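K.L.:
Please read through the structure below; I'll follow up with questions.
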Ligand SMILES: Nc1nc2c(ncn2[C@@H]2O[C@H](COP(=O)(O)OP(=O)(O)OP(=O)(O)O)[C@@H](O)[C@H]2O)c(=O)[nH]1
Ligand SMILES: [Mg+2]
């Protein structure tokens with residue numbers, strides 16, 4: 016089992032800014048307006064990026080789950096996760112937040128959900144929730160088929176909630192990412208950093224790559240890289256003046272390549288029945 020170091024715990028705890036707590040509270044206050052929840056998880060970390068349970072007042076609403084970044088995750092494990100998460104949920108899908116066509120089945124499920132009559136007008140309001148940088152805003156833009164909400168490749172981009180119309184009666188609520196400090200602290204913090212859920216500054220990048228190397232060595236996962244920082248730095252010619260390899264910059268470059276999927280697909284967590 017992964018045990019976070021004191022440094023990692025401190026880094027993760029410092030990464031629960033005030034706006035996250037405010038985000039959870041704000042959503043709780045809007046709970047009466049919300050008919051359903053779309054929880055966007057990272058398909059590489061479907062367990063650690065689960066956040067729906069943080070929103071107690073939304074717990075009874077029909078919940079859809081999207082395993083996003085399907086393009087970067089292991090295909091068979093994503094399929095297994097979709098099946099494992101299905102019971103008790105309104106629908107579980109895998110998709111790519113930057114591709115509207117990959118979200119067609121999700122869109123159909125959302126727009127055909129039974130409407131709720133509010134003030135004489137049929138409405139269906141869906142809150143899109145998730146850990147930071149899982150692609151919530153991208154997914155909304157793709158479902159709307161136009162860029163209505165800001166997207167960027169770093170966590171903490173969406174700071175305020177906003178309602179956006181999907182069709183005549185369906186509205187989507189974009190929300191800031193939330194993460195339980197405890198989750199980030201005791202679970203695999205380096206995996207969250209590698210996947211961009213925790214900011215690059217939260218954890219020492221060299222440690223992240225070393226932890227990935229150890230993980231691959233223990234599991235034998237066929238990423239098409241060896242995750243040896245020293246070798247990676249030398250291959251890239253990342254040397255300091257004294258001829259030593261520049262491990263820090265190499266680690267940052269490695270993480271960037273990992274996030275772009277240059278080393279292939281990987282899923283860090285397996286569904287409960289397979290563990
Ligand atoms: N490879 C890949 N990238 C994606 C996918 N979905 C979103 N992205 C990228 O992920 C980054 C983050 O997307 P956002 O939509 O801003 O994420 P968010 O969850 O709204 O982030 P916060 O508002 O910061 O919590 C962007 O660079 C997107 O282009 C996907 O399915 N695959
Ligand atoms: Mg966002």
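Numbering (my numbering), first residue to last: 16 to 290. Just so you know, even glycine gets a beta-carbon here, dropped at the ideal spot from N, CA and C. Bear in mind that the values here come from a model prediction, so they are computed numbers and not experimental data.
For residue 73, which option in 213, 124, 140, 102 has the closest C-alpha, if you only look at C-alpha atoms?
P.N.:
Against the chain shown, residue 73 aligns to sequence position 58. Checking every option, the nearest Cα to that of residue 73 belongs to 140.
K.L.:
Pick out the complete alpha helix (DSSP H) segments inside the segment 168–223, 4 residues or longer, and give them in chain order.
P.N.:
Entirely contained in the segment 168–223, the alpha helix (DSSP H) runs reaching 4 residues are, in chain order, 196–201, 204–209.
K.L.:
For residue 185 versus residue 128, is the C-beta spacing smaller than 9 Å?
P.N.:
Walking along the chain shown from the start, residue 185 turns up at place 170. Walking along the chain shown from the start, residue 128 turns up at place 113. It is a contact, given that the beta carbons lie within the stated cut-off.
K.L.:
Please state the DSSP three-state secondary structure of residue 54.
P.N.:
Residue numbering aside, residue 54 sits at position 39 when the chain shown is read from its first letter. Three-state DSSP puts residue 54 in a strand.
K.L.:
Do residue 246 and residue 261 have their CB atoms nearer than 9 Å?
P.N.:
Within the chain shown, residue 246 is the residue found at index 231, counting from 1. Within the chain shown, residue 261 is the residue found at index 246, counting from 1. It is not a contact, given that the beta carbons lie outside the stated cut-off.
K.L.:
What does the alpha-carbon distance come out to for the pair residue 18 and residue 203?
P.N.:
Mapped onto the chain shown, residue 18 falls at position 3. Mapped onto the chain shown, residue 203 falls at position 188. With a pLDDT of only 45 at residue 18, under the threshold of 50, the placement of this residue in the model should not be trusted, and no figure is reported.
K.L.:
Nearest to residue 144 by alpha carbon, out of 65, 213, 236?
P.N.:
Within the chain shown, residue 144 is the residue found at index 129, counting from 1. Out of 65, 213, 236, 65 has the C-alpha closest to the C-alpha of residue 144.
K.L.:
Taking one C-beta from the segment 75–92 and one from the segment 170–177 each time, how about it: are there three or more such pairs within less than 8 Å?
P.N.:
Contact between the segment 75–92 and the segment 170–177 is absent, because fewer than three Cβ pairs lie under 8 Å.
K.L.:
Below 7 Å CB to CB, which residues in the same chain sit around residue 273 once its five sequence neighbours on both sides are set aside?
P.N.:
In the chain shown, the residue the question calls residue 273 occupies position 258. Closer than 7 Å at Cβ, skipping near neighbours: 209.
K.L.:
With the cut-off set at 9 Å, would you say residue 42 and residue 176 are in Cβ contact?
P.N.:
Translated into the one-based positions of the chain shown, residue 42 becomes position 27. Translated into the one-based positions of the chain shown, residue 176 becomes position 161. For residue 42 and residue 176, yes; Cβs fall inside 9 Å.
K.L.:
Considering only DSSP beta bridges, list what residue 106 is partnered with.
P.N.:
The residue given as residue 106 occupies position 91 in the chain shown. Paired residue(s): 79.
K.L.:
Assuming residue 212 and residue 57 form a contact by the criterion Cβ under 8 Å, report the distance between their Cβ atoms to the nearest whole angstrom.
P.N.:
On the chain shown, position 197 is the one that residue 212 refers to. On the chain shown, position 42 is the one that residue 57 refers to. 6 Å between Cβ atoms; contact.
K.L.:
Using a Cβ-Cβ distance under 9 Å, would residue 178 count as near chain B?
P.N.:
Absent from the structure is chain B; it holds one protein chain and no more.
K.L.:
Kindly indicate which three-state DSSP category residue 122 falls into: helix, strand or coil?
P.N.:
The residue labelled residue 122 in the question sits at position 107 within the chain shown. Residue state, collapsed to three classes: helix.
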